[in-house]
């Protein structure tokens, strides 16, 4: 190849790398995700709570931290693009001041091995805990991921949603605030 052809290859590779980097940053920002549509059940069913979930260091989650609070369980995987795209909004929701003492957000990785979660967390800057579950209770098994479940302070499944969403959308935060007031969370 002559010099001109090499230059063209380098320019094409640089352009391709730029497009990949841009797409990754847009995907990880979650900017284009819709607000969640979670219809609250009129007759919620009881679900398992207290099942074992482990943080990235292998320490079990202390379920007493969820006592008298709403619990949002998000089942995701490190290899799932839509799952990764909604993580920033879940992080933002977990830090929402209005919901601080009313909501616990549990992002539970459905990966096969805890090492996959640890490697993902090393490569990505998330400032909230992510968990691994050795065995997912049957109530939380769905056809697809991400899957998100809203559990009342009494341990009842209020709503569920499959698919990615912007969990910190103002209309959803407002819905959670009202629900927390109504249920005494």
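Numbering (my numbering), first residue to last: 428 to 612. All C-beta atoms, glycine included, are put in the ideal place defined by N, C-alpha and C.
By the Cβ neighbour-count rule, residue 536 is buried, with 16 or more other Cβ atoms within 10 Å of its own. By alpha-carbon distance to residue 604, the top candidate from 557, 555, 497, 568 is 497.
Shown here, residue 534 sits in a strand according to DSSP, grouped into three states.
In the DSSP assignment, residue 589 forms a beta bridge with 574.
Where residue 557 is concerned, there is no enclosing alpha helix (DSSP H), although the beta strand (DSSP E) around it starts and stops at 557-559. Contact annotation: the stretch 536-546 touches the stretch 502-516, with at least three C-beta pairs closer than 8 angstroms. The beta carbon of residue 589 sits closer than 6 angstroms to those of 569, 571, 574, all from its chain and outside the five residues before and after it, given in chain order.
Residue 489 and residue 461 have their alpha carbons spaced roughly 32 angstroms apart. Contact between the stretch 514-532 and the stretch 558-569 is absent, with fewer than three C-beta pairs closer than 8 angstroms. Between the alpha carbons of residue 524 and residue 557 lies a gap of roughly 20 angstroms. Assignment of residue 433 by DSSP, reduced to helix, strand and coil, places it in the helix class. Shown here, residue 579 sits in coil according to DSSP, grouped into three states, outside any helix or strand. By the criterion of a C-beta distance shorter than 8 angstroms, residue 598 is surrounded in its chain by 462, once the five residues flanking it on both sides are discounted.
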